[in-house]
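Mind the numbering: the sequence shown is residues 244 to 608 in full-length UniProt numbering, read in order. In what follows, a single structure is set out as C-alpha cells and then discussed.
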Amino acid sequence: DKGNHRHFMAKEIYEQPETVSHTLAHYLDLAGETVKLREELPFDFAKLSRLTITACGTAFYAGLVAKYWFERYARLPVDVDVASEFRYREPPLPDNGLTLVISQSGETADTLAALRYAAKEGQHIAALVNVQESTIARESHVIFPTLCGPEIAVASTKATTAQLSILASLAIAAGQARGVLSPSDAHALVRALIELPRNISEMLRFEGRVEEISRNLSRAKDVLYLGRGQLYPIALEGALKLKEISYIHAEGYAAGELKHGPIALVNEEMPVIVVAPSDELMEKTLSNMYEVAARGGKIILITDAEGKAEAGGGIDDIIEMPRVHPFVAPILAAVPVQLLAYHTAVFMGTDVDQPRNLAKSVTVE
Ligand code: F6R
244 DKGNHRHFMA KEIYEQPETV SHTLAHYLDL AGETVKLREE LPFDFAKLSR
294 LTITACGTAF YAGLVAKYWF ERYARLPVDV DVASEFRYRE PPLPDNGLTL
344 VISQSGETAD TLAALRYAAK EGQHIAALVN VQESTIARES HVIFPTLCGP
394 EIAVASTKAT TAQLSILASL AIAAGQARGV LSPSDAHALV RALIELPRNI
444 SEMLRFEGRV EEISRNLSRA KDVLYLGRGQ LYPIALEGAL KLKEISYIHA
494 EGYAAGELKH GPIALVNEEM PVIVVAPSDE LMEKTLSNMY EVAARGGKII
544 LITDAEGKAE AGGGIDDIIE MPRVHPFVAP ILAAVPVQLL AYHTAVFMGT
594 DVDQPRNLAK SVTVE
C-alpha cells in the first residue's frame, strides 16, 4: 500500500523520520542519552584489533560512512570493501577481528559468501539486516536489526538511513568502550542522533525546491557528485541512486580528486552536485566547487545555512539542510540525494519502483 504516495520509493523516503526514530529507540536509552545495546555482544569493542565491513551497493556506502565514524570516534582501524571483491581476494584477517556485514535483504549472494569466508577465518561476525529471517541473519553471531519495516522499492532509502543510524550508535558504543569518548562526548553525539528524526522531517519540507531543481537535472546526460570526508560516501550514494532509477549517467567523486581527472569533464552541460554541510572540511569542498564554477559548470549545492552564507551569492541552486551536528550530517544528507534521484526519475518517466534490469534481492553472483 503506497498510502498517498505515487510510488513506494516516495512513501519510504517519507517514512524516514519515523523509521529512524523507531530504529534508534532500539539502540539508545533516550532518557539517559546513551547508547544501550540490547544484543549481547560476542566480542569486546575494547579488545578488537580491526573492524572489517563488507556489503554491496548502497549498503557498502553505509559501511564507508561507518569507517569514518569508527576511526574517528573509536580509533578502531577499519577496512571496507565490496563483498564481490572481498570474497575472492581472500584477505588475511587478524586475531580478534570483527567482520560486519550489511544487507537489507540478508540474501545478497556475494555478501553471504564474504560472511562465510570471514567466519572460516575465525572472525566475530555481526550483521545489520532488515530481514531478520534471512540467511545472513542465521549465519551471524550477532544481528543488529534495522527496524524500518519492509522496503518495497528497489532503490534503498529507509533501510539506508536505518543502517547508518545503527552504525553511528555502534561507533559511539565502541568509542566509549575503547576510552576514546568521555561520557559527555558520547552524550553530545547521542543527542545529535535523537534530534535526527525531527531534522529529517524538516529536510522533507524542502521537497518542492528539490523537485524544481530535478526538472533541470532530468535534462542532463552526465552528473558529477562531490563530497569530502564522511560526505564522500553520500556523493557515491547520490550518484548510484540517480543512475539506478533515472538512468542518467552519474559519478561520485571525493572532492579532492576532482583536479586529478574528472574536472576535464566539466562544462555548461554537466551539473555538479556538491554535498557540503558545514563541518571542518566544508571550506575545502567549497573551494573545489569554485573550481567547477570557474569552468562554467552548473552547481547544485547541498548545504546548511552556514554553508549557504559561506558559499556567497554566485550559486543558483542550493538545497538547504537543517543545521546539525557534523556527526549525523551524512545521515541527513542521504535524504536530499534520495529526493533528487526520485524527482528526476519521475520527470524522466521511468519505472521508479522497479527500474529496468534490477532486482530487490540479488541472490546471484
Ligand atoms: C541501491 C540498492 C542496491 C542494494 C544492494 C545490496 O539502491 O538498493 O545497491 O543496496 O543490492 O542489497 P542488500 O542490502 O539487500 O544486500
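Even for Gly, the Cβ is constructed at its ideal location relative to N, Cα and C. Keep in mind that this is a model prediction, so the values were computed, not measured.
Euclidean distance between Cα positions of residue i and residue j
| i | j | result |
| --- | --- | --- |
| A302 | K603 | 13 Å |
| F288 | N247 | 44 Å |
| L436 | L469 | 25 Å |
| P573 | P505 | 23 Å |
| L447 | P337 | 43 Å |
| D559 | V535 | 14 Å |
| R359 | F329 | 11 Å |
| A537 | A548 | 23 Å |
| L341 | E438 | 30 Å |
| N339 | S377 | 26 Å |
| P426 | L280 | 16 Å |
| P519 | V607 | The displayed chain sequence assigns Ala, not Pro, to residue 519. Rounded to the nearest angstrom, the two C-alpha atoms are 36 Å apart. |
| L529 | L294 | 32 Å |
| L355 | I379 | 6 Å |
| W312 | L410 | 8 Å |
| I488 | L544 | 21 Å |
| H250 | M532 | 33 Å |
| G562 | K290 | One point to set straight first is that residue 562 is Ile, not Gly, in the sequence displayed. Going from the Cα of I562 to the Cα of K290 covers about 42 Å. |
| T404 | Y475 | 16 Å |
| T351 | E553 | 43 Å |
| R458 | G300 | 26 Å |
| H492 | R421 | 42 Å |
| E512 | K484 | 20 Å |
| V515 | I477 | 14 Å |
| A588 | P335 | 42 Å |
| A317 | D272 | 20 Å |
| L601 | D428 | 42 Å |
| A357 | G481 | 25 Å |
| G418 | L424 | 5 Å |
| A577 | G365 | 34 Å |
| V567 | L575 | 8 Å |
Contacts around residue i, its chain only, beta-carbon distance under 7 Å, and the 5 residues preceding and following it disregarded
| i | result |
| --- | --- |
| L582 | I256, E450, V453 |
| D324 | T297 |
| M252 | A396, A398, T400, Y585, V595, D596 |
| P285 | H367, H384, V385 |
| E333 | Y360 |
| R434 | E276 |
| K551 | I561, E563 |
Residue i: CB within 6 Å of a non-hydrogen atom of the ligand F6R
| i | result |
| --- | --- |
| G300 | yes |
| T277 | no |
| Q347 | yes |
| T351 | yes |
| T354 | yes |
| S444 | no |
| S489 | no |
| S427 | no |
| A588 | no |
| W399 | In the sequence under discussion, the amino acid at residue 399 is Ser, which differs from the Trp named in the question. Result yes, Cβ under 6 Å from the ligand F6R. |
| V308 | no |
| V605 | yes |
6 Å CB neighbourhood of residue i in its chain, flanking five on each side removed
| i | result |
| --- | --- |
| S348 | V374, S604 |
| L479 | Y304, G495 |
| A402 | Q347, N373, T389, C391, E394 |
| L343 | I296, A369 |
| R315 | none |
| S408 | V263, T266, L267 |
| D322 | T295 |
| P260 | P440, I443, S444 |
| T546 | A519, P520 |
| S412 | Y270, V278 |
| A362 | I368 |
| K502 | none |
One or two residues paired with residue i in a DSSP bridge
| i | result |
| --- | --- |
| I368 | T342 |
| E563 | T546 |
| residue 613 | Since the displayed the chain opens at 244 and closes at 608, residue 613 lies outside it and no answer follows. |
| V605 | Note: V605 sits in no beta bridge, so no partner. |
| L294 | V321, L341 |
| K331 | Rather than Lys, the amino acid found at residue 331 in this sequence is Tyr. For Y331, which the question treats as bridged, DSSP gives no partner whatsoever. |
Proximal residues to residue i (C-beta, below 8 Å), its chain only, five neighbours per side dropped
| i | result |
| --- | --- |
| K527 | R471, A498, G499 |
| E282 | V385, I386, F387 |
| E445 | P565 |
| H430 | E276, T277 |
| H269 | R281, P388, L390 |
| E523 | P569 |
| A463 | I491, E512, M513, P514 |
| N510 | R538, G539, G540 |
beta-carbon residue i near the ligand NAP non-hydrogen atom, thresh 6 Å
| i | result |
| --- | --- |
| A602 | Ligands present in the displayed structure are limited to the ligand F6R, and the ligand NAP is not among them. |
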